[in-house]
Amino acid sequence: MAESKKYEIRATVATQYLPEQSDPEQDRYAFSYTITISNTGNIAAQLISRHWIIADADNQIQEVRGLGVVGHQPLLQPGQSFEYTSGCVLATPVGSMRGSYQMTADDGVQFEVPIAEFVLSMPRVLH
Numbered sequence: 000m001a002e003s004k005k006y007e008i009r010a011t012v013a014t015q016y017l018p019e020q021s022d023p024e025q026d027r028y029a030f031s032y033t034i035t036i037s038n039t040g041n042i043a044a045q046l047i048s049r050h051w052i053i054a055d056a057d058n059q060i061q062e063v064r065g066l067g068v069v070g071h072q073p074l075l076q077p078g079q080s081f082e083y084t085s086g087c088v089l090a091t092p093v094g095s096m097r098g099s100y101q102m103t104a105d106d107g108v109q110f111e112v113p114i115a116e117f118v119l120s121m122p123r124v125l126h
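Sequential numbering of the sequence shown, starting at 0, is according to numbering that gives the first Met the number 0.
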């Protein structure tokens, strides 16, 4: 049973609307998201790349793929975490993001960490 916990990475997300970088009259809504990636398994793993699907309320989709996160490819030992903040701009006051991280474990095994959909929302838009 210990095998199932060997490759276990968790991602938690906190979002924030950025009014100082937004301009609703120009359909520009800026958001930041802070993600904490934690290695809860029992083998070290490195984040190699990311894949995001970003959708606004008009169902306009942006797909983002790239190496690492904010210029880093963190190697997480068991019990370690890495936190970073990034952002995106939408044309609507509400949207969502979901995606995945592609990881490589110390033993060479590659695996994907899904990131559940989370909402980006200007305050007082959702009731």
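All C-beta atoms, glycine included, are put in the ideal place defined by N, C-alpha and C. In this text, all values refer to a predicted model and were calculated from it rather than measured experimentally.
Nearest-angstrom Cα distance between residue i and residue j?
{"i": "PHE110", "j": "GLU24", "result": "43 Å"}
{"i": "GLU116", "j": "GLN79", "result": "24 Å"}
{"i": "ASP55", "j": "TYR16", "result": "14 Å"}
{"i": "VAL12", "j": "THR35", "result": "7 Å"}
{"i": "THR14", "j": "ASP106", "result": "34 Å"}
{"i": "ARG9", "j": "GLU82", "result": "12 Å"}
{"i": "GLN20", "j": "GLN101", "result": "30 Å"}
{"i": "ASN41", "j": "GLN76", "result": "8 Å"}
{"i": "ASP22", "j": "TYR6", "result": "42 Å"}
{"i": "ARG64", "j": "VAL112", "result": "14 Å"}
{"i": "VAL108", "j": "SER120", "result": "37 Å"}
{"i": "HIS71", "j": "THR84", "result": "12 Å"}
Can you tell me whether DSSP reads residue i as helix, strand or coil?
{"i": "GLU7", "result": "coil"}
{"i": "PRO92", "result": "coil"}
{"i": "HIS126", "result": "Bear in mind that the predicted position of HIS126 carries a pLDDT of just 49, short of 50, making it unreliable; the figure below should be weighed with that in mind. Note: HIS126 maps to coil in three-state DSSP."}
{"i": "GLN20", "result": "helix"}
{"i": "GLN101", "result": "strand"}
{"i": "ALA1", "result": "Per-residue confidence for ALA1 stands at a pLDDT of 43, beneath the threshold of 50, marking its modelled position as unreliable; no derived number is given."}
{"i": "GLN25", "result": "helix"}
{"i": "PRO77", "result": "coil"}
{"i": "VAL118", "result": "strand"}
{"i": "GLY65", "result": "strand"}
{"i": "VAL12", "result": "strand"}
{"i": "GLY107", "result": "coil"}
Buried or exposed, going by whether 16 or more other CB atoms sit within 10 Å of the CB of residue i?
{"i": "ALA44", "result": "buried"}
{"i": "LEU66", "result": "exposed"}
{"i": "ASN58", "result": "exposed"}
{"i": "ILE60", "result": "exposed"}
{"i": "ILE47", "result": "exposed"}
> On the three-pair Cβ rule with 8 Å, is the stretch 87-104 touching the stretch 26-38?
Replying inline: yes
Residue ranges of each beta strand (DSSP E) run of no fewer than 3 residues wholly in the stretch 26-61, ordered along the chain?
28-38 and 44-55
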